[in-house]
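Read through the structure below, which is laid out as structure tokens, and then see the notes.
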Amino acid sequence: MDVSEGVGALDLGEKGGWSPLLNLPACVLEHILGLLDVRDIASCGETCKELRLAAASDGLWRGICRVQWSSHTQLADWIIGRSLGCFVLREHEALAPRNYRSLYRLLSKYEQLIGIWRGEPPGRPDMPAGNALRESLYEFRWQHDCIEGSQLIFDDIASCKRVPFQRIHALGLAAAEIVDNMHCLLKLYDASSMAGRQLSHAAEAAAAVAMSHFHPGSPAATSPLGTSPEGSFEYEMLRFMQGNVASNRSRRKRSLRSPSQGRLGIPVVHHLTRVERPLPSKKHPLAGLWKGDYGVHGVQVVVVVYDFSGPAARILATKVTGDGNVPAGMQTFFAKAAPIAEPWSPKEQALIQLRTVFLADVQQQNQPGSGVHQANAKQVVACFKGKGKVVSVVQGGDKDTKL
């Protein structure tokens with residue numbers, strides 16, 4: 001029996017019969033396949049030629065991409081043309097999105113970058129663990145044509161400065177490998193080391209002229225890069241010739257480069273670890289990422305979670321960025337989840353007064369014109385009994401201090 005006969009049929013409600021699935025219009029087939037899982041689409045594409053064409057159609061994958069990512073980015077801005085006359089990393093050549101099917105592969109990989117990561121700047125392995133200069137925080141967010149990474153810098157308790165770090169896209173100078181959605185190796189290449197990867201106009205012209213001999217009078221004879229479908233012999237030959245024909249200037253640049261650098265040079269590698277970001281709720285309002293003033297160690301970031309493993313619920317705070325006193329990853333304090341009943345004891349009142357004095361001292365140290373935000377004393381709405389290892393009073397007063 002022919003494989004297509006075993007694919008199945010759809011009952012369209014017509015009297016006395018069935019209509020084979022393969023007789024449906026292409027747009028209907030794409031809509032049906034769009035309701036399936038990606039693995040099921042691949043399985044359908046292996047059954048027969050008709051379904052293979054439907055599973056590879058750009059309309060199908062355009063709809064899938066729109067459902068998943070259209071609310072985050074402009075999908076059309078990610079698609080690149082057939083011309084490779086631009087920088088393309090070797091790691092990205094298989095992912096370079098020339099259609100929506102390849103765009104799906106690219107975004108499925110790089111959407112895992114979205115979020116906050118903790119990393120160590122390269123080149124300073126002699127620094128002790130927990131050094132504030134060693135550990136950095138990075139946040140990756142969607143943009144219209146890329147995923148933009150920023151380094152988070154906390155100069156004071158009330159502000160967060162975002163310094164541009166790296167733009168992640170198919171034609172960029174960065175490649176990322178993500179393991180278990182928790183660890184990332186981010187390789188950053190220097191633009192000067194990519195000169196050998198830029199294809200010249202001479203290479204494109206020579207390839208187009210050569211390809212015109214295969215099909216005289218075809219669009220390839222007049223188009224700079226031809227119109228052969230991806231995967232065809234002509235298309236692969238065109239790519240081969242583009243990669244092997246280079247201008248004399250590019251050859252001179254490659255000859256001057258150190259042999260140890262290779263074709264792409266030596267990348268700077270960042271090892272990033274994802275920072276879990278608990279979401280607050282009405283029952284657990286303190287969960288999340290918080291900033292705290294740790295005295296001489298500056299502003300530190302802690303993650304606050306609720307722990308229900310013991311006989312009573314607790315609030316646990318773990319350092320995200322570390323210092324010599326409490327390294328990153330260590331618990332900095334814990335407290336009972338139930339707040340202390342009011343009216344507060346004289347001891348608690350004294351601690352609240354100490355916090356007010358501390359804030360006043362910080363304001364005196366920040367001279368006018370220094371650019372440091374003047375901290376305002378927030379009203380204390382609840383007190384929790386607990387213990388911790390800190391350098392000075394920890395601040396986390398209201399929602400404005402959350403990341």
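Going by this note's numbering, the first residue of the sequence shown is number 1, and it counts up by one from there. Every residue, glycine too, gets a C-beta built ideally from N, C-alpha and C.
Host beta strand (DSSP E) of residue i (start-end)
| i | result |
| --- | --- |
| residue 100 | Segment 100-110 is the alpha helix (DSSP H) holding residue 100; no beta strand (DSSP E) there. |
| residue 293 | 288-293 |
| residue 142 | 136-142 |
Exposure of residue i, with buried meaning 16 or more beta-carbon neighbours within 10 Å
| i | result |
| --- | --- |
| residue 341 | exposed |
| residue 136 | buried |
| residue 156 | buried |
| residue 291 | buried |
| residue 349 | exposed |
| residue 27 | exposed |
| residue 322 | buried |
| residue 70 | exposed |
| residue 269 | exposed |
| residue 43 | exposed |
| residue 170 | buried |
| residue 387 | exposed |
| residue 149 | buried |
| residue 277 | exposed |
| residue 216 | Residue confidence for residue 216 is low, a pLDDT of 47 falling below 50, so the modelled location carries little weight and cannot support an answer. |
| residue 280 | exposed |
| residue 293 | buried |
| residue 154 | buried |
| residue 353 | exposed |
| residue 338 | exposed |
| residue 41 | buried |
| residue 186 | buried |
| residue 382 | exposed |
| residue 62 | buried |
| residue 308 | exposed |
| residue 54 | buried |
| residue 319 | buried |
| residue 345 | exposed |
Where the alpha helix (DSSP H) through residue i begins and ends
| i | result |
| --- | --- |
| residue 43 | 38-45 |
| residue 66 | 58-69 |
DSSP-derived helix/strand/coil call for residue i
| i | result |
| --- | --- |
| residue 385 | coil |
| residue 28 | helix |
| residue 20 | strand |
| residue 335 | strand |
| residue 49 | helix |
| residue 117 | strand |
| residue 306 | strand |
| residue 421 | A question about residue 421 goes unanswered here, because the residues of the chain that appear run from 1 up to 403. |
| residue 213 | Since pLDDT at residue 213 reaches only 47, below the 50 mark, its modelled position is unreliable, and the value read off the structure follows with that caveat. Three-state DSSP puts residue 213 in coil, outside helix and strand. |
| residue 174 | strand |
| residue 224 | Residue placement at residue 224 cannot be trusted, given a pLDDT of 44 that sits under 50; the coordinates are not used to answer. |
| residue 326 | coil |
| residue 168 | strand |
| residue 348 | helix |
| residue 76 | helix |
| residue 380 | coil |
| residue 263 | Confidence at residue 263 is low in this model, with a pLDDT of 49, below 50, so the placement of that residue should be treated as unreliable; the coordinate-derived value is given next. Residue state, collapsed to three classes: coil. |
CB-CB length for residue i against residue j, believed under 8 Å
| i | j | result |
| --- | --- | --- |
| residue 175 | residue 110 | About 10 Å; that fails the 8 Å criterion. |
| residue 315 | residue 301 | Not really, about 16 Å apart at Cβ, beyond 8 Å. |
| residue 47 | residue 143 | In fact, because the Cβ distance is near 39 Å, the residues do not count as touching under 8 Å. |
| residue 65 | residue 107 | 7 Å |
| residue 147 | residue 168 | 4 Å |
| residue 275 | residue 118 | 5 Å |
| residue 272 | residue 184 | 4 Å |
| residue 333 | residue 312 | Going by Cβ atoms, the distance from residue 333 to residue 312 rounds to 16 Å, so no, they are not a contact pair. |
| residue 336 | residue 384 | 6 Å |
| residue 45 | residue 51 | 6 Å |
| residue 165 | residue 189 | No, residue 165 and residue 189 are not in contact; Cβ-Cβ is about 14 Å, not under 8 Å. |
| residue 79 | residue 103 | 6 Å |
Residues that DSSP places opposite residue i in a beta bridge
| i | result |
| --- | --- |
| residue 179 | 183 |
| residue 161 | 153 |
| residue 274 | 117 |
| residue 188 | 174 and 268 |
| residue 148 | 141 and 167 |
| residue 296 | The partner list for residue 296 (beta bridge, DSSP) is empty, contrary to what the question assumes. |
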